[in-house]
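J.:
Numbering (the UniProt record's numbering), first residue to last: 1 to 1070.
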């Protein structure tokens, strides 16, 4: 922080005047200072807890340590304590509507507060219409339906299906209107949870994304026509369950007395059940505990997914109104034609969220990517609260949790106390919003920090386990790697191992495989160690090895190749890859999508929103060893929405019947399309993947396309920002979005790099307008490498000796996977020696040449660079010359580890050496050595300064060099510190002194000088003339009294502990 500190001996800090100056520059000083919390010093990392689930959407724990994971398709799984075995608790998949590429399904699950006694579990899901209505075809995967909440009893590891009780959505007793209407592909049921008072709470979206099947819902009796025509405005209607948080009796499903609009004569009505209204898609809700917020069910953290401008996390109490669809985030939402006949209840007051972050294409976000926050009831751009804050972008608020002060076991060293964590599924991060305290409670009107707590995409649930104190996450990304993870603090981030190869299968005629490990990375360092095991008893420590496999016979086989990467802190990570012998992966010949009504082939899909199209999908594949009928086929039908994916369920088999429901109208600012993702595996396990895109077209509008003039394929993670140049044939602006990888991208196409390595993808979009339909999206795929573009360099000049070997030191840059080729040229410019080693060790061969030169080529995946030396004349290097003692003088001598001083003397091979260390109190020699280089550990002496001497002797004479006085210090083990750290000059040290350095010289016990913390010095030491340390302290010390020091000259050494940078000043006491 650039403020000055007034040092006085006795040591005085005039901080009040300094703060007054700072307050003029910073609008909210208290927030700025509170923002200097220790959160950034914590390394948050997700550690795998359990994986292998099918589209998991949530997790909770019981008091015995069992975890309960619910899957979108309708199953609940139990994980035994400590990540143990997985078993199925209940399967209601036949009753759950979970269409391909849509968001409906079993999205809510809760354990009763008395679960250990009564065994009650609660399920909150979208009902499969065929279980409600007769005459619905099996291929009709999507139609008007309702949400339902059921309760079952689960005891002693067994579910009692006969205990079923329908609490919401009971069509047999109360009719269809008992459940919330769901007339769109999303915005259905959300979270099931319990309030602090034990009341059952259910969140539900507005149920209307354009009311794709609204008319059908009226016909089926789900809603009356007047209610259906309100569409999104149902969130503001007391007669609708949509867009609300419901609070019900867990025994009856009736509304609870005390609800804001409870009617005792109609306890099951919508208004009797509702607790909070005005919500769009409250996908995830967390109840805050009673001791934090007191009274009734408490308050609720709501992750409400936005439309096209803002994402938000809000804090609501009973009776609050979130404002949708009048408001999105803090701002007025679009008020379109559907609202013209609706009059807002004058008693409604809309409540702002806690925090809102912008969509990348939000034209009304104000200042670039700035987010907005609620501070003391005012809407404030976070930029104005803290200029060092991190601004967030994203398009899908999908999870939140709160970490209270009174957690049973704080696993995060206080870093998360009174913090709301909020996940963005698309934005690839979890945000932390830290709040001040009000007594022992969080003060949600007083935010202190918004920061990026974790880089993690695909999160759909965050959960603070009250029994073990950890935060858990649920990652949902289709069929690949669905996992439950635990947030932990680590002193060292685990590296990431990534394997690539030029082929996955080999045979007798081509059995060599090029492997690549250079995409492996570590967040903290590039210094990874690589260990390959090729599954055949052979290993390698190269970054990108080539392996020639021995194939014993013609039978199909495989080798499991593993790569283990280890970082400088000892953390490891393993990746595996299978290489198939005498077996090629299947070939997918075609994926055909046909319209079920007339069997016509579909390449593109007219945007008939909201009408649906029923289709048949057929996959044709062949394999060299396995017949087509015995191949293993799986497919997913996924819906793409701009930069993210709504995954469908996994379908087994080579054929499928499904329904495409086009999303969104043309020219509405978003691009939608379908993907059929097919995987085919043979009997030996070799697999091929194929993706078929079905784009939506806009009838009656002109077509357009996107072109990119400068796509990239590989780039260094240390590269400067890269700007993609793209245009649309329509002339309309192209939108750039990050899809995946260690990058960020803004809407101008500027790509910046976050420090990791790996595959990256950017998508380019143009959604059209009233003249042009949307363009087909364009992907730009590239690799972000650990390497940098290589620059060949070596020690030059060097000697070419006739009487000893020569070593030329490689100083090239480019990364660990850079390969080197050395060449030695003679005077005829002919290559006489080559070497692939990093450094070049060579002996001059018999040659009549007098002159030689060295050439080094450095090459990696990002390029090639060559450096040649000047011509060097050969000579006899061991010839005896008069000795000249030389060494690089260190700036400090370490007390806690060995010191090394390298001898660079002249004299020849017959020269001998004597090293001596003298201490500065009694001027005694305390160490000697006759080695060429001096490696020593400083004994435990009280002296603060020491000298090092070197005497070089041969038959031609003796020469001695003695260092200046060198201070001792406890050195860090950081790679940035060394014994020969270059001392910084006084002006660079940020010490502003009066003229003549110190003026006047002190005549008493104090000295005044001004200290500017440009270099952030942390400690100081005071030494007398003999080098004795008189005083040591940190820059936080209040006073230093030198009144008892004898008159004389003293040295003050200022130290930056992390970097060991130093600055010295002398004072004279008279």
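Using N, Cα and C, we set each Cβ at its ideal position, and we do this for glycine too.
Closest by CA to residue 765, which one among 714, 695, 47 and 715?
T.: Comparing Cα positions, the closest option is 695.
J.: Where does the unbroken alpha helix (DSSP H) through residue 785 begin, and where does it stop?
T.: Per DSSP, residue 785 belongs to no alpha helix (DSSP H); it is in the beta strand (DSSP E), 778–785.
J.: Curious, which full-length beta strand (DSSP E) runs of at least 3 residues does the segment 631–694 contain?
T.: Complete beta strand (DSSP E) runs here, min 3: 632–641, 644–646, 655–660 and 672–681.
J.: Can you look up residue 288 in the DSSP assignment and give me helix, strand or coil?
T.: In the structure shown, residue 288 sits in coil (DSSP, three-state: anything other than H, G, I, E or B).
J.: Ends of the beta strand (DSSP E) at residue 397?
T.: Where residue 397 is concerned, the enclosing beta strand (DSSP E) stretches over 397–403.
J.: Over what stretch of residues does the beta strand (DSSP E) that includes residue 744 continue unbroken?
T.: 743–745 is the extent of the beta strand (DSSP E) around residue 744.
J.: Nearest CA to the CA of residue 616: which residue from 603, 878 and 655?
T.: Among 603, 878 and 655, the Cα nearest to that of residue 616 is on 655.
J.: DSSP three-state call for residue 1071: helix, strand or coil?
T.: Past the boundaries of the shown model lies residue 1071; the chain is included only from 1 to 1070, so the question cannot be answered.
J.: Got a sec? Which residues, its chain only, sit under 7 Å from residue 44 by beta carbon, not counting five neighbours each side?
T.: 453, 454, 487 and 489.
J.: From 818, 515, 848 and 817, pick the residue whose C-alpha is nearest to that of residue 826; which is it?
T.: When only C-alpha atoms are compared, the closest one is 848.
J.: Give me the residue from 901, 939, 919 and 955 with the minimum Cα distance to residue 930.
T.: Nearest of 901, 939, 919 and 955 to residue 930, Cα basis: 901.
J.: Thinking C-alpha only, which one of 371, 297, 638 and 263 is nearest residue 313?
T.: Residue 371 is the option with its Cα nearest to residue 313.
J.: Give the C-beta separation of residue 875 and residue 802 to the nearest angstrom, bearing in mind that I take them to be a contact with Cβ-Cβ under 8 Å.
T.: Confirmed, about 7 Å.
J.: Cβ of residue 852 within 8 Å of Cβ of residue 950?
T.: Taking 8 Å as the Cβ cut-off, residue 852 and residue 950 do not qualify as a contacting pair.
J.: Report the start-end ranges of each alpha helix (DSSP H) in the segment 184–267 that is 4 residues or longer and not cut off at the edges.
T.: With a minimum length of 4 residues, the continuous alpha helix (DSSP H) runs that stay inside the segment 184–267 are 214–219 and 225–228.
J.: Indicate whether residue 515 and residue 545 have their beta-carbon atoms separated by less than 8 Å.
T.: Closer than 8 Å, so yes.
J.: To the nearest angstrom, report how far apart residue 601 and residue 147 are at their CA atoms.
T.: The alpha-carbon atoms of residue 601 and residue 147 are separated by roughly 35 Å.
J.: What did DSSP end up calling residue 629 once you bin it into helix, strand or coil?
T.: Note: residue 629 maps to helix in three-state DSSP.
J.: Look at the alpha carbon of residue 941 and the alpha carbon of residue 1031, and state the distance between them as a whole number of angstroms.
T.: C-alpha separation (whole angstroms): 16 Å.
J.: May I ask you to list the residues that DSSP assigns as paired with residue 949?
T.: Looking at the DSSP assignment, residue 949 forms a beta bridge with 916 and 962.
J.: Compare the beta carbon distance of residue 150 and residue 182 with 8 Å and say whether it is the shorter of the two.
T.: No.
J.: For residue 604, does the count of other Cβ atoms within 10 angstroms reach 16, so buried, or fall short, so exposed?
T.: Exposed, because fewer than 16 other Cβ atoms sit within 10 Å of the Cβ of residue 604.
J.: Note the first and the last residue of the continuous beta strand (DSSP E) segment covering residue 620.
T.: Note, residue 620: beta strand (DSSP E), 613–622.
J.: Determine the burial state of residue 560: buried for a count of at least 16 other Cβ atoms within 10 Å of its Cβ, exposed for fewer.
T.: Exposed.
J.: Can you name the start and end residues of the alpha helix (DSSP H) that residue 483 belongs to?
T.: Element bounds for residue 483: not the alpha helix (DSSP H) but the beta strand (DSSP E), 483–489.
J.: Under the assumption that residue 787 contacts residue 712 (Cβ atoms under 8 Å), give the Cβ distance between them as a whole number of angstroms.
T.: Not quite, the Cβ-Cβ distance comes to about 14 Å (not below 8 Å), so this is no contact.
J.: Please report how far the alpha carbon of residue 102 lies from the alpha carbon of residue 636, in whole angstroms.
T.: About 12 Å.
J.: Nearest-angstrom Cα distance between residue 479 and residue 345?
T.: A caution first: residue 479 carries a pLDDT of 43, below 50, which makes its placement in the model too unreliable to give a value.
J.: Quick one: what does DSSP say residue 23 is sitting in, helix, strand or coil?
T.: Confidence at residue 23 is low in this model, with a pLDDT of 35, below 50, so its placement is unreliable and the value that follows should be read with caution. Residue 23 falls in the helix class under three-state DSSP.
J.: Pull up the distance between the alpha-carbon of residue 223 and that of residue 217, whole angstroms please.
T.: Cα to Cα, residue 223 sits roughly 6 Å from residue 217.
J.: Since residue 866 sits in a beta bridge, which residues does DSSP pair it with?
T.: Paired residues: 857.
J.: Quick one: is residue 1066 buried, meaning 16 or more other Cβ sit within 10 Å of its Cβ, or exposed?
T.: Its Cβ having fewer than 16 others within 10 Å, residue 1066 is exposed.
J.: If contacts are defined as beta-carbon pairs under 8 Å, then residue 52 and residue 70 qualify, I think. What distance do you get, rounded to the angstrom?
T.: Wrong, their Cβ atoms sit about 15 Å apart, outside the cutoff.
J.: In whole angstroms, what is the alpha-carbon distance linking residue 284 and residue 202?
T.: Between residue 284 and residue 202, the C-alpha separation is close to 10 Å.
J.: Using the Cβ count rule (16 or more neighbours within 10 Å means buried), how would you classify residue 288?
T.: With 16 or more other Cβ atoms within 10 Å, it is buried.
J.: What number of angstroms, rounded off, separates the C-alpha of residue 253 from the C-alpha of residue 321?
T.: Approximately 22 Å between the Cα atoms of the pair.
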